[in-house]
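To keep things clear, I will list the structure first and then write my remarks on it.
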Amino acid sequence: QDYLKTVVPSQLMAERGANLVVINPGSSNVRIGFASQDVPFNIPHCIARHITQRKDDTPRLSVRDKMLNCHATPSQNAERERAYDIIASLLKIPFLDEEMPSANQALPPKMGRVDALSSQQNKDDSKFTWTDVMDRSIKSSTPIERPVDKDADVDPLQRSTPDDTEPNSEENMYKEIIFGEDALKIPPSESYCLSHPIRRGHFNISQDYSLHQVLEDLRTIWNWILTEKLHINPRDRHLYSAILVLGETFDNREIKEMLSIVLCDLGFSTAVIHQEALAAAFGNGLSTSCVVNIGAQITQVVCVEDGVALPHTALALPYGGDDISRCLLWVQRRHRTWPNFQTDPVNKPIDMLMLNKLKESYSQIRSGSFDAVSVVHSYEHEKSVGHQKTKLSALNVPPMGLLYPRVLVPEEYPPPPRSWFQDYDDMLEDTWQTSDSLYSSGNGGFGMWDNYPMFPTRLKKFDNIGLVEAIVSSILSTGRIELQRKLFCSIQLVGGTASTAGLAPVLEQRVLNTIPSNQPIEKAEVLQSRSYPLFVPWKGGVILGVLDIGRDAWIHREDWAKNGVHIGSGRKYRDSYFLQAQAMCYYNS
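The sequence shown maps to residues 98 to 686 in the working numbering.
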């Protein structure tokens with residue numbers, strides 16, 4: 098204890114974090130790094146495998162996600178247009194049916210403008226290059242029986258044989274597996290299958306993507322990052338421990354499978370699981386907070402009191418940053434400002450990369466018309482990347498979709514097979530039938546879970562609930578006025594989309610106005626993040642892991658492989674409720 102009082106925090110992190118690996122998996126990206134690092138690696142959570150096409154088939158990139166509907170229905174389009182007009186009236190911008198100023202017309206007094214070609218912006222910030230899918234290796238013509246290292250110091254070009262005029266030749270072969278951002282930039286004419294193991298906060302299981310394939314892809318992706326990025330040799334993994342920082346949307350079975358990957362497949366000696374919301378609070382130095390995690394495909398709201406996440410306050414909304422990016426494309430096409438490019442973010446992942454870049458660079462929430470001049474790229478043909486300078490209009494509308502989600506239309510995915518729900522080895526209890534639900538649903542992305550009567554009470558039904566209503570509902574569900582006042586003044590935004598300019602003041606104003614008048618709440622405040630919001634949960638996992646001296650809740654590989662987690666008389670974390678809250682230490686004696 099005396100040592101902890103005198104040690105410098107950076108020294109403590111370096112000493113205890115060198116053999117700790119923190120893993121924070123998400124639907125779009127996975128954040129992995131040593132606890133001793135300042136920031137983790139943030140890598141797209143996807144994998145592309147080379148597939149063999151039949152001779153009569155045209156080679157093409159296939160995306161494994163088989164969506165029931167990737168386009169809005171007429172009724173959804175009508176709702177989206179009405180939502181746009183509501184947002185337009187609030188932001189004091191023209192409605193959809195009103196004529197926008199032409200490119201040559203002077204901007205109105207209240208119209209802001211950002212020039213993408215200014216000195217502060219990269220000239221081609223949304224340009225990407227195609228991934229080279231060929232694995233080029235030098236094929237030597239020297240006899241096979243010749244020792245490999247005999248002529249190691251001799252120039253290969255000087256080696257010759259009587260029968261060969263070209264002693265060495267370049268052998269071109271397709272890369273069998275491509276990871277991360279390179280997988281998203283594979284040309285559409287190449288024969289690869291792109292897979293995302295996690296979609297909308299759950300395993301991306303479907304009739305075309307089995308549980309076995311999902312787990313194998315997760316293991317392969319994480320193993321590649323550990324080997325290529327962190328440079329941890331598989332033979333040395335037993336010297337390291339892993340911290341899994343997981344979102345509240347994962348259910349017990351999914352967490353059990355990820356824990357098995359970390360301990361049994363990747364070979365870590367011990368592992369522990371922390372809730373993402375709890376880690377986010379600790380990452381910003383808070384013990385009590387309303388954590389709003391706006392991810393790429395899911396938004397989670399959870400209240401934390403004195404270092405304990407309150408399960409009955411947790412809500413999950415089926416939209417995030419990716420939906421805002423696709424809404425940006427829809428807005429530009431409705432205003433006829435988008436070039437005549439075949440931009441398809443659903444079936445061409447590189448187009449989603451470009452839209453995400455544009456969203457991060459220019460989208461913000463502010464009153465008055467707001468446009469930007471930017472270079473938009475076309476990725477229709479891998480041999481030539483076209484581009485066009487254009488004016489992007491109404492850039493403050495897409496991020497308002499967090500408050501008015503009807504302007505966002507999430508993709509709809511097929512439900513997982515029924516066998517997925519038959520988990521006879523559940524580690525705690527029949528969570529399908531619990532009345533205290535961690536989850537709520539909108540019309541979109543979680544529809545894949547709604548049609549199964551095996552857990553009718555698992556998801557609370559909230560049709561198109563906005564972020565403001567979710568925050569107010571979550572905090573008021575605590576039931577204690579003192580705690581409610583504290584939480585309304587401790588709203589914490591994390592996740593990549595949390596960096597959107599203007600979001601915090603809008604949330605403060607609208608949350609305060611949405612609180613019922615009979616509630617004695619006078620103030621709402623969104624706290625400023627101490628670091629980049631995207632990495633706050635990962636950093637909180639680092640803090641929880643480094644400060645956990647006793648490690649009573651850590652799982653050992655031998656125990657997990659032998660017993661798993663069962664109800665018994667062994668160790669139990671004092672704040673257990675769900676598996677995410679460390680309720681996993683029910684070991685047999």
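The beta-carbon is built from N, C-alpha and C at its ideal position, and this holds for glycine as well.
Computed from a predicted model, the values in this text were never measured in an experiment.
Review point. C361: buried (16+ other C-beta within 10 angstroms of its C-beta) or exposed?
Key: exposed
Review point. Exposed or buried, which one is P442 when buried takes at least 16 other CB atoms within 10 Å?
Key: buried
Review point. How long is the line joining the alpha carbons of Q150 and S288, rounded to whole angstroms?
Key: 7 Å
Practice item. Have a look at the DSSP bridge pairing and note the partners of I652. Key: A368
Review point. How about A411 and V399: do their beta carbons lie closer than 8 Å?
Key: yes
Practice item. Return the Cβ separation of M449 and D419 in integer angstroms, given the expectation that the two are a contact with Cβ distance under 8 Å. Key: The C-beta distance from M449 to D419 rounds to 7 Å, short enough to meet the 8 Å contact threshold.
Practice item. Counting only runs of 4+ residues fully inside the stretch 418 to 477, write out the alpha helix (DSSP H) ranges in chain order. Key: 418 to 431, 446 to 459
Review point. DSSP puts R334 in a beta bridge; with which residues?
Key: The partner list for R334 (beta bridge, DSSP) is empty, contrary to what the question assumes.
Review point. By Cβ distance below 6 Å, which residues in the same chain neighbour H147 in space, the five residues on each side in sequence not counted?
Key: Residues Y271, E273, Y289 of the same chain have their beta carbon placed closer than 6 Å to that of H147, with the five preceding and five following residues left out of the count.
**Study point:** Cβ-based burial, D229 [other Cβ within 10 Å; buried from 16]
**Key:** D229 is exposed by the Cβ-count criterion.
**Study point:** L631 to G593 span [Cα, whole Å]
**Key:** 5 Å
Point to revise | Nearest candidate by alpha-carbon position, reference S587, set I190, P137, R316, G382 | key: G382
Exercise for review: Spatial neighbours of A567 within its chain, please: CB distance less than 7 Å, with the 5 preceding and 5 following residues excluded, ordered by chain position.
Suggested key: V398, L412, L414
**Study point:** Identity of the residues DSSP links to P122 by a beta bridge
**Key:** According to DSSP, which records beta bridges pairwise, P122 is partnered with V127.
Review point. Is L505 closer than 8 Å to F467 when the C-beta atoms are compared?
Key: no
Review point. When you compare each of I358, L281, L375, C143 to K591 by their alpha carbons, which one comes out closest?
Key: What sits at residue 591 in the sequence shown is Val, not Lys. The shortest Cα separation from V591 among I358, L281, L375, C143 belongs to L375.
Check your understanding: Is it buried or exposed for P285, if we count other Cβ within 10 angstroms and need 16 for buried?
Key -> buried
**Study point:** Q581 versus F347 - alpha carbon distance
**Key:** Between the C-alpha atoms of Q581 and F347 there is a straight-line separation of about 27 Å.
Check your understanding: Thinking C-beta only, is V639 closer than 8 Å to G123?
Key -> No, the pair does not count as a contact, with Cβ atoms beyond the cut-off.
Review point. According to DSSP, what are the bridge partners of K486?
Key: By DSSP's assignment, K486 forms a beta bridge with V472.
Practice item. Spatial neighbours of K326 within its chain, please: CB distance less than 8 Å, with the 5 preceding and 5 following residues excluded, ordered by chain position. Key: I129, F138, I140
**Study point:** Local conformation of Y271 per DSSP, three classes
**Key:** Of the three classes helix, strand and coil, the one that applies to Y271 here is strand, per DSSP.
Check your understanding: Would the beta-carbon of V342 be found less than 7 Å away from any heavy atom of the ligand GDP?
Key -> Within the structure as shown, the ligand GDP is missing, as the structure has no ligands at all.
Practice item. Could you have a look at E325 and say whether DSSP puts it in helix, strand or coil? Key: helix
Review point. If you run the structure through DSSP and keep just helix, strand and coil, what is A185?
Key: helix
Practice item. Could you tell me the boundaries of the beta strand (DSSP E) in which I144 lies? Key: It spans 144 to 147 - the beta strand (DSSP E) in which I144 sits, taken as one unbroken run.
Check your understanding: Going straight from the alpha carbon of L117 to that of A393, what length do you get?
Key -> 26 Å
Check your understanding: Alpha carbon to alpha carbon, how far is T170 from C143?
Key -> Straight-line Cα distance between these residues: approximately 29 Å.
Review point. Going by beta carbon distance, what residues of the same chain come within less than 7 Å of E176, once the five residues before and after it are set aside?
Key: R503
Check your understanding: How is T141 classed by DSSP in three states: helix, strand or coil?
Key -> At residue 141 the sequence reads Pro, which differs from the Thr that was named. Correct three-state label for P141: strand.
Check your understanding: Thinking just about the alpha-carbon of each residue, which of E619, M231, L600 is nearest to the one in I578?
Key -> Selected option, being the one with the closest Cα: E619.
Review point. Any contact of the stretch 647 to 654 with the stretch 357 to 373, i.e. 3+ C-beta pairs under 8 Å?
Key: yes
**Study point:** Strand pairing of D232, partner residues [DSSP]
**Key:** M270
Practice item. Whole angstroms is fine: what's the gap from C387's alpha carbon to L624's? Key: 10 Å
Check your understanding: Once you ignore the five residues that flank A436 on each side, which residues in its own chain have a CB closer than 8 Å to its CB?
Key -> The question names Ala, yet the displayed sequence has Pro at residue 436. Correct list, in chain order: V473, S475, Q485, T487.
Point to revise | Collapsed DSSP secondary structure at I283 in the structure displayed | key: coil
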